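Numbering (our numbering), first residue to last: 107 to 413.
For each residue, glycine too, the CB sits at the ideal point set by N, CA and C.
In this text, all values refer to a predicted model and were calculated from it rather than measured experimentally.
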Ligand code: G3H
Ligand code: 13P
Ligand code: ZN
């Protein structure tokens, strides 16, 4: 099967109330791992590449890797630009076969976010490419005791409706208190999950959750046993993800959990196999761990068995 749009994948998920994982990849190992997981789990998948991943791997190279793996996979695969901010990169992605792009104008004032998003929608839709945009700011909300400050970070449901009507985006990323990376919370997780229902009621379109990694204790323990210093790493509990999906999240972005699993595995192999001189002895078990993380997410999000 060739690459499909994220709209086709997410509209089906929206209709049947599950979410699809969007997994960040930078190289062959991650791309093979996540697409391999999708095939085994019979799950649709969104493979996403950030601007810095493109700078790292090369536009033609990363596109070629994902497109060729998708061509051999018998499940729907979309290739998506994650957090696009640079106009030239967005246009290049569209020209190079991406089937989906994100325009991240979340740092801009509302009207400017609308304007740049609308411009991307016009160019992308003319080429048959789906568009995700973001409204609200991704940041932990636990430290915001001042209610006004906290509210300013989160996505406002009425603004979300105006934004979707004016831009005609295909999917909207919302801010409910998640954040990127391994250190999401200092204490107990604080999320405004009820906001998902309120936004969904207004806009109806597929909603996206960024910063959704769980940061599992077993992976932290494994890595720390072999020398990692990851103190303070805390993620989003699985039960919160299930709750958010039941309220209308249809795309869940995962990068950190795969990075942690990969590094934990490399550390373990380096320590337990000091004799090896073959990089594949490090990469193969790390790839297996990343694949297992992705497969677990597909089951958690409810996308397993849908393809
Ligand atoms: O949200 C950001 C993703 O985790 C990608 O991160 O820019 O380091 O590739 P990156
Ligand atoms: P995590 O850092 O929680 O994996 O989030 C990834 C993400 O949102 C990529 O856009
Ligand atoms: Zn993100």
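Got a sec, what are the start and stop residues for the alpha helix (DSSP H) residue i sits in?
i	result
residue 109	Element bounds for residue 109: n/a, residue is neither H nor E.
residue 207	That residue, residue 207, is in no alpha helix (DSSP H); its beta strand (DSSP E) goes 206-209.
residue 357	Run containing residue 357: none in the alpha helix (DSSP H); it sits in the beta strand (DSSP E), 355-360.
residue 196	193-201
residue 391	385-407
Rounded to whole angstroms, what is the Cα-Cα separation between residue i and residue j?
i	j	result
residue 149	residue 268	33 Å
residue 304	residue 255	20 Å
residue 125	residue 357	5 Å
residue 52	residue 197	Here the chain covers residues 107 to 413 and nothing more, so residue 52 does not appear.
residue 133	residue 163	7 Å
residue 165	residue 114	24 Å
residue 117	residue 184	13 Å
residue 311	residue 120	7 Å
residue 143	residue 176	12 Å
residue 201	residue 171	16 Å
residue 288	residue 306	27 Å
residue 360	residue 400	8 Å
Give every residue of the same chain whose Cβ lies closer than 7 Å to the Cβ of residue i, excluding the five residues on either side of it in the sequence, and list them in chain order.
i	result
residue 329	336, 366, 369, 370, 373
residue 413	148, 149, 150, 181, 182
residue 209	190, 196, 222, 223, 226, 237, 239
residue 138	175, 393
residue 354	302, 303, 306, 313
residue 346	295, 297, 299
For residue i, I'd like the list of residues in its chain whose CB is within less than 6 Å of its CB, leaving aside the five on either flank, ordered along the chain.
i	result
residue 135	389, 393
residue 298	260, 282, 283
residue 317	244, 284, 285, 286
residue 325	366, 367, 370
What does a CB cutoff of less than 8 Å around residue i pick up in its chain, not counting 5 residues either side in sequence?
i	result
residue 391	371, 374, 375
Helix, strand or coil: which one does DSSP assign to residue i?
i	result
residue 335	coil
residue 413	coil
residue 381	coil
residue 123	coil
residue 212	coil
Along the beta strand (DSSP E) that carries residue i, what are the first and last residues, could you check?
i	result
residue 342	Counting along the chain, residue 342 falls outside any beta strand (DSSP E), and DSSP gives it neither H nor E.
residue 126	126-130
With respect to 7 Å, is the separation between the Cβ of residue i and the closest non-hydrogen atom of the ligand FAD below this value?
i	result
residue 282	The ligand FAD is not part of this structure, which contains only the ligand G3H, the ligand 13P and the ligand ZN.
3-residue-minimum beta strand (DSSP E) runs that sit fully inside the stretch 269-326, ordered along the chain: 277-280, 313-315
Segments of 3+ residues assigned as beta strand (DSSP E) that fall wholly inside the stretch 148-196: 151-156, 183-190
Secondary structure, alpha helix (DSSP H): runs of 4+ residues fully inside the stretch 217-270: 253-259
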